[in-house]
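Written out below as structure tokens is the structure these notes cover.
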Amino acid sequence: MAIPNLFRRSDENTRTAWGYSFQWTPEHLSGEQMEPMKHSYDRLADECLTRLNEISPPPQKALPRTTDRGAQNSKTGKEKPKRDLYLLLRDNADKDDKLAELWNQVNTVPDWVDWDQIERGQEVFYRYGIPALNALGFESLLGGMGAGRIVETLARTGGFSAKIARHRMFETTQFVFQVTMSLKNIQPGGDGFASAVRVRLLHAAVRARILNLAKTRPDYYSVERFGVPVNDLDCISTIGSFSTLLVWLSLPRQGIFLREQEILDYIAFWRLVAYYLGTPTKPFESPEKARKMMESILVYEVNPTEMSKILANNIITSLENTPPAWGSRGFLEATARWLNGKELSDRLGIGTPGYYYYGLVLGYCIFVSLWCYVQRTFLYLDRRHIARMRRHFWKIILDEKIGLGEETKFDFKYVPGYDLTTEQGGKVERIKQNFGIELLGFLGLAGATVTTAAMGTIGYVTYLRAQWGWKLMEILASVTIGFSQLPSFNSILGSSTTNYPFESSLHGLTNPATSLICEDSKSSSRLRGCFKSRNSHALFWFVGARNEGLKQSELQPRSPVSTPHNTR
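Numbering-wise (full-length UniProt numbering), the sequence shown opens with residue 1 and increments by one.
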């Protein structure tokens, strides 16, 4: 949920896009400046894909992507990818100039890469693991469906139908886990490196397929209107949804603010991933450039369409009451609205849940933010937390019942076709088997409630103690002075010549001796000193006698200490 900044000043350069306010500068890109990027793309990958198709032709029969058959087959092992584009590229790089160019490019580490910084950037993701995953699912992906142009490409692959959207999302999650798993994984030859090259060639395959279909049927896809499929601007937006969107939108809306060094490291890490994917890296040269690029995209590229509504709701339908989160539809909708804001959520057709679910989301944010802050404060806890998140996340993604069952090789499964489109799926009734992520909401909300009540109680008791403590002293003073006027009071005190005066201004009494002891005792601290100095002795004698029901005649006060005043 976007929290308004009451101290923000607005002027003619202030822009607000989908609940996010910022200052527009000359460094931001206008719509006209971004237009050429809609028609530029990774030509080298396209040329290499053509060579690889000649070496090993792709399967002629594509899998039906409007059902979950592909997801089921991947788990049961009935369908095996017939080729691995990464292995084909590696094994044939020395046989073709274009293949060699691409292979040498991805294996050449740029000068700006600092491997220590890259490793720290990987750790940032796992340090904020649960809220980071929440951000990727409900703002980067679901909220990203607001980019109407990109949605036109996604819809034509059929990969986001209600029945298989969850499996498609898990494949993307596997990619994120692979590139962040370890430093070795992201270096040339590692598993994350290989997955990035596979995804790069997969993008080329999708682009080639849609363009070929558009040639024979122009109404299938309009390049003039939507740009080249998977163009440079689309790829920059995708990298931004994994990096800048988390840093400045998703995590802050969950109560988490990254430190400056963490931001530098995280942006640098995703810049390297962009390099492997064939995405322009210039927008990610610094956090400031990356942020301005994100803001420009929010202004000019986020424009939901009817297809945006279909894909966004299919994501929620596919995740409803499914492991590992087991989130109810109300909770998922509340989370989507919390992260994307009311305006964008309304445009995406996200349902409006009750306040109960918003309370759970608030509790969840309280829980995960406090948890992450505590973990990162102590180095020992931080290292353990990062290692634990890496193990658990990878175990879940490969689980046969919960996740993919096996590692995907990002083969060309979601094949566009003339008769293939994405329709909105109906609501599916699933039995919820445990509390899942909503339990974190309960714990956070309960903890916040108890803490607030305890702090309020302590504060109120402290206030009452201060107020009634001073009033009690006034009452005791009045009682003592009242009894000091009795004829027998001096005999109780043990000396008829000893006076126990109090400040006359408080009680309407005048006594010359008062000024000797309590001359400036109008303040509470000075008056307390007066009480303690001479009157508490007599008061305690009298009150004690009264409590025991003794008569004044029966009291035997102690003999006063012999002083020059008493001996006179």
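Just so it is clear, CB atoms sit at the ideal spot from N, CA and C, and this is done for glycine as well.
The structure presented is a predicted model; accordingly, all values stated were derived computationally and were not measured.
One alpha carbon belongs to L348, the other to L311, and they sit about 9 angstroms apart.
Under the three-state reduction of DSSP, R15 is assigned to strand. Contact annotation: the region 391–400 does not touch the region 194–206, with fewer than three C-beta pairs closer than 8 angstroms. Secondary structure of Q187 (DSSP, three-state): coil. Annotation for Q261: the continuous alpha helix (DSSP H) segment containing it runs 260–276. Y463 and L370 have their C-alpha atoms spaced approximately 29 angstroms apart. If you draw a straight line from the Cα of G121 to the Cα of E260, it is about 12 angstroms long.
G190 and G144 have their alpha carbons spaced roughly 29 angstroms apart. Excluding five sequence positions before and after D84, the CB atoms of its chain that fall closer than 7 angstroms to its own CB belong to K409, given in chain order.
CA-to-CA, the gap between K38 and K282 works out to about 16 angstroms. Scanning its chain for C-beta atoms nearer than 6 angstroms, with the 5 sequence neighbours on each side dropped, one finds around L440 the residues Y364, F367, in chain order. DSSP, reduced to helix, strand and coil, places S296 within a helical segment of the structure shown. Contact between F393 and F177 holds, since their C-beta atoms are separated by about 6 angstroms, short of 8 angstroms.
Short of 6 angstroms from the beta carbon of A268, and not among the five residues preceding or following it, lie these beta carbons of its own chain, in chain order: Q117, G121.
Taking the Cα positions, D234 is about 20 angstroms away from L49. Around V247, the same chain offers L258, I263, Y266 as residues with beta carbons nearer than 7 angstroms, after the five sequence neighbours per side are excluded.
S30 and R15 have their C-alpha atoms some 13 angstroms from each other.
The residue among K95, Q105, I130, I475 with its C-alpha nearest the C-alpha of G255 is I130. The closest CA to that of E123, considering only V179, L44, D97, is found on V179.
F22 sits in a strand when the DSSP states are folded into three classes. One Cα belongs to P229, the other to G436, and the distance between them is close to 38 angstroms.
DSSP places L141 in the helix class (H, G or I) of the three-state scheme. The three-state secondary structure of P416, taken from DSSP, is coil.
Its Cα nearest to that of S250, the residue A132 stands out among R166, M294, A132. Under the three-state reduction of DSSP output, I402 falls in the coil class, being neither helix nor strand. The Cβ atoms of D46 and A204 lie closer than 8 angstroms to each other. Taking all protein chains shown into account, T25 has fewer than 16 neighbouring C-beta atoms within 10 Å of its C-beta and is therefore exposed. Annotation: the continuous alpha helix (DSSP H) that includes V106 extends over 97–107.
Taking the Cβ atoms as the reference, S40 lies roughly 21 angstroms from N303, outside the contact range of under 8 angstroms.
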